[in-house]
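Residue numbers (our numbering), protein chains in the order written: chain A, 5 to 141; chain B, 13 to 201.
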């Protein structure tokens, strides 16, 4: 699948990579985000693992710009930038069974496979789910 | 037959000595199980009396056999990396020798209760139907060769994922059809 620049983040207590190209801005989380029709903020951890226990440890926001809305996906922290990571495809056995197409592939970091998230797709799905209500926290 | 090291247990991939002699590596075992689904069929096909070997694993207290020709390695338990949105039967992925493998919880695939991992828990790396995967099992028990004439059709309730049933030291053993497992996991049936 080739190489790409990836940002390593921690959400729901786990490691993930996201494509740098999907992120318009990295921000420290403010104490409160005022509701807005153009900014939608969601914690990434509960989106990825709805049944897991989630604390309120989100400290940073990854901003994804969509045509009609900007989505801020909140993560516990941003770890580092990997400028040229070798992206591998997810095995078809598992790729076909995902509830949503939110995983682009896998990067093996050390000996650990780390999922690479399709942040644009996640943001688009968040925006779609919120389409009937005003954007906001 | 099973080699233990500090971090993994190895099973040789193709031909290895066993109680009844050498494993016959001429046929994929999943196909072999299908062929010898009944003793009568085994007799008509002339399948050799010293039949393929199986890796015996324990799932929810029951013994099951995995086709020996499909087994590549047996690993000590390590927690797989969960993939968002994957069903419980696929608890995650692991990297082994640089290859990313999906982990299949065989207990859930067979509709058996699952318990948390402990010191006996193993991951069995296997290859079947052009798919590499790691199978989550409660324990690995033995490698055995089974006679074709001792195999019987599986009970109707669990026939979908079993190629046959046999007995090992008096206990029933369900012989798992890995091709069927992969199909069921892929289709989410």
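Don't be surprised by glycine CBs; every beta carbon is placed ideally from N, CA and C.
Query	Result
Residue 96 of chain B and residue 107 of chain A closer than 8 Å at C-beta	yes
Through-space distance from residue 108 of chain B to residue 159 of chain B, alpha-carbon basis	33 Å
Inter-stretch contact (C-beta, 8 Å, three-pair minimum) for the segment 129–136 of chain B and the segment 161–169 of chain B	no
Per-residue contacts from residue 102 of chain B into chain A (C-beta, under 7 Å)	98 and 101
Proximal residues of chain B, C-beta to C-beta of residue 92 of chain A below 7 Å	112
Members of the segment 63–89 of chain A near chain B, C-beta cut-off 8 Å	none
Touching by the beta-carbon criterion (3+ pairs, under 8 Å), the segment 71–91 of chain B and the segment 60–80 of chain A	no
Reduced DSSP category for residue 179 of chain B - H, G, I as helix; E, B as strand; rest coil	strand
Proximity to residue 105 of chain B [Cα-Cα], best of A/114, A/101, A/83 and A/119	A/119
The segment 110–128 of chain A contacting the segment 15–25 of chain A, beta-carbon criterion three pairs below 8 Å	yes
At least three beta-carbon pairs within less than 8 Å, the segment 179–190 of chain B to the segment 85–93 of chain B	no
Cβ-based burial, residue 191 of chain B [other Cβ within 10 Å; buried from 16]	buried
Proximity test, Cβ basis, 8 Å: residue 99 of chain B and chain C	This model lacks chain C altogether, as its protein chains are A and B.
Chain-ordered chain B contacts of residue 112 of chain A [CB-CB under 7 Å]	107, 110 and 112
Cβ-based neighbour list, residue 69 of chain A, same chain, cut-off 7 Å, excluding 5 preceding and 5 following	28
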